[in-house]
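Undergrad: Protein chains in written order, with the working numbering: chain F, -2 to 316; chain D, -2 to 316.
#1: Check the DSSP bridge columns for residue 161 of chain D and list the partner residues they point to.
#2: In whole angstroms, give me the CA-to-CA distance for residue 116 of chain F and residue 231 of chain D.
#3: Between the alpha carbons of residue 174 of chain D and residue 21 of chain D, how many angstroms are there, rounded?
#4: So which of F:95, F:61, F:56 has the shortest CA-CA distance to residue 72 of chain F?
#5: Taking the alpha carbon of residue 303 of chain F as the reference point, which residue from F:212, F:217, F:275, F:288 has its own alpha carbon closest?
#6: With burial defined as no fewer than 16 other Cβ atoms inside 10 Å of the residue's Cβ, what is the status of residue 141 of chain F: buried or exposed?
#7: Can you tell me the Cβ-Cβ gap for residue 209 of chain F and residue 180 of chain F, rounded? I've got them flagged as a contact below 8 Å.
#8: Name, please, each residue of chain D whose Cβ falls closer than 8 Å to the Cβ of residue 242 of chain F.
#9: Can you tell me whether residue 238 of chain F is helix, strand or coil according to DSSP?
#10: Would you mind listing the beta strand (DSSP E) stretches within the segment 169 to 245 of chain F that are 3+ residues and don't spill past its ends, in chain order?
#11: For residue 39 of chain F, I'd like the list of residues in its chain whose CB is within less than 6 Å of its CB, leaving aside the five on either flank, ordered along the chain.
#12: Looking only at its chain, what residues have a beta carbon closer than 6 Å to the beta carbon of residue 272 of chain D, apart from the 5 residues adjacent to it on each side?
#13: Please classify residue 195 of chain D: is it buried, with 16 or more other beta-carbons within 10 angstroms of its beta-carbon, or exposed?
#14: What three-state label does DSSP hand residue 262 of chain F in the structure shown?
#15: Helix, strand or coil: which one does DSSP assign to residue 81 of chain D?
#16: I'd like the span of the alpha helix (DSSP H) that includes residue 132 of chain D, first residue to last.
#17: Quick check on the DSSP output: what are the complete alpha helix (DSSP H) runs of length 4 or more inside the segment 52 to 103 of chain F, in order along the chain?
#18: Output the distance between the C-alpha atoms of residue 298 of chain F and residue 290 of chain F, rounded to the nearest integer angstrom.
#19: Enumerate in chain order the residues of its own chain whose CB-to-CB distance from residue 252 of chain D is below 6 Å, with the five nearest sequence positions on each side excluded.
#20: If you measure beta-carbon to beta-carbon, which residues of the segment 3 to 33 of chain D are closer than 9 Å to chain F?
#21: Check the DSSP bridge columns for residue 280 of chain D and list the partner residues they point to.
#22: Run down chain D in chain order and give the residues with a C-beta less than 7 Å from the C-beta of residue 170 of chain F.
#23: Would you verify that the beta carbon of residue 173 of chain F is, or is not, closer than 8 Å to some beta carbon of chain D?
#24: Using the rule of at least 16 other Cβ atoms within 10 Å of the residue's Cβ for burial, across every protein chain shown, is residue 8 of chain F buried or exposed?
#25: Select from F:249, F:288, F:256 the residue whose C-alpha is nearest the C-alpha of residue 270 of chain F.
#26: So, at 8 Å on beta carbons, what are the nonlocal neighbours of residue 204 of chain D in its own chain, with the 5 sequence-adjacent residues on each side left out?
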């Protein structure tokens, strides 16, 4: 089954890893958020892309869920000594990746091609596709003004109440040809359990992306990143609340209304199924919390099974 | 005494270190060869500048004479894995310096200003002045064609017979304003015991540089990097030979003829003094081989004393 996964860096990376173990790598494309990209030390840093890259390459630091396991921090010490801001903590191997990507970009490669080059070098078979090659940057409106996303997320440790979000550059951005091709070929499109506002949101905000997802003809399944009213990781729950959304799986489902035909909620949220069903989507209740590699594979398998079943049922119903 | 030292990366760095211990840092300017600069991983690498920088900052790896003591090589391993050529072995702290410098250059700083920023951050008081801010690159003509200097020096480990040297871009290059000011203010100009052909040569080949040295009014002392017919380090001896120069301190003196008024040779070469004197320069015999920090300081002190003595004698003779 040809799968396209829309993903940010945390839950999305875990589910991507699950699919990578279940699907033929050639059948898996991960469409990645690039709106939390930033420039550090003159180098493009693409946190969501890199987290998925390191996770699929088996290099990720398992405790942190990002960065390279066992990385050293010699360069960061020198960068600090030389006057660079170092609150965004880049390890030496991670720095090397940024140096390599910047080198490829300077040689004229698109971000898509640079990421593909790096993914291949790291033995990642799945296609890792930046949602766009155009610059899009999430700006976070707080009571102290507008912040660069990483200034909010890493430097300020998400303490600011989020009053608004803006995806700078998104109006001029376009999905890449590779993303559009993957969506056209897809049999299953999954919106991963990433932050719906700042990981999935900027992907879907790219003009033409929503339409391409809907037009794909694939089964479209959303997975809630909110379980029992809380984000598994990160500030999605507080952010939903401060921006006036319902802080629940149903709140996420509302954001994907009209986009997915099936919405997956965790067993902990089973009682929300009827009210989500009323939004015009089918609801599936599955174990969605991925604590182990086995959990990731099980969720990916269940999603594939769900798509196959829905598909069969769809055909039976003459859809 | 206001001292300007023309230096490459090896002997020049040691003598710079000697002067830094002897002079008021504000009175020391080191004019640095940039013709063996290269681009690695999309970053400018400036080996002679960096060696002098690390030496004066007390960071240099003492065994190698270049690079940062105790550096790690995590990034290099990742760069290799990602497909970058890694025969030029950059440690993690060293990479950080290149990243920082490139960041400053991209912000619009000149090389001179970027190096000054880094030197200050590392607590180096002496002025480290790239000979030029314009790109000059040494190309080495070998039997296998023309090589980038670092390809000859590092990748090929200087095994190629050097048939010719070309300083690409030198015709359009100019000494920086900072270099010209330092030379005008100098009371002593020393040509360090660096490779006369590829370290000192490209500095002097910059149009206007020789004239500025001669016009400075300072005492001008050259120090032979060839002792007993051999280079202390590096391929200067073989290079002199293959390019048709005399492989001796006198061969070096010939290259500086008309430029220095005094030439310093090592005690091992005392018998060459009369023949060098015939070239129209005074000859001083000193211990020039710098094995220890004390040796470096002693040579610097002896050069200052020589300049003071020569100066007095000069005045006495009505010069």
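All residues carry an ideal CB built from backbone N, CA and C; glycine is no exception. None of the values given here were measured: they were computed from a predicted structure.
TA: Once the coordinates are examined:
#1: Per DSSP, the beta bridge partners of residue 161 of chain D are D:138.
#2: Rounded to the nearest angstrom, the two C-alpha atoms are 40 Å apart.
#3: Within the model, the alpha-carbon separation for residue 174 of chain D versus residue 21 of chain D is close to 22 Å.
#4: Nearest to residue 72 of chain F by alpha-carbon distance, out of F:95, F:61, F:56, is F:95.
#5: Cα-wise, what sits closest to residue 303 of chain F is F:217.
#6: Flag for residue 141 of chain F reads exposed.
#7: Contact holds; Cβ gap of about 5 Å.
#8: Within chain D, no residue has its beta carbon less than 8 Å from that of residue 242 of chain F; the closest one is some 39 Å off.
#9: Helix.
#10: Counting only runs of 3 or more, we get 185 to 188, 216 to 220.
#11: Closer than 6 Å at Cβ, skipping near neighbours: no residue.
#12: Correct list, in chain order: 247.
#13: Label assigned to residue 195 of chain D: buried.
#14: If DSSP states are grouped into helix, strand and coil, residue 262 of chain F belongs with the strands.
#15: Under the three-state reduction of DSSP output, residue 81 of chain D falls in the coil class, being neither helix nor strand.
#16: Note, residue 132 of chain D: premise wrong, no alpha helix (DSSP H); not H, not E.
#17: Restricted to the segment 52 to 103 of chain F, the alpha helix (DSSP H) segments that are unbroken, complete and at least 4 residues in length are 71 to 78, 89 to 103, listed in chain order.
#18: Going from the Cα of residue 298 of chain F to the Cα of residue 290 of chain F covers about 12 Å.
#19: 193.
#20: So the list is empty, because no residue satisfies the distance condition.
#21: In the DSSP output, where bridge partners are listed per residue, residue 280 of chain D has D:260.
#22: Simply none; closest approach about 24 Å.
#23: Not an interface residue.
#24: Under this definition residue 8 of chain F is a buried residue.
#25: Here the closest residue by C-alpha is F:249.
#26: Scanning its chain for C-beta atoms nearer than 8 Å, with the 5 sequence neighbours on each side dropped, one finds around residue 204 of chain D the residues 167, 168, 170, 171, in chain order.
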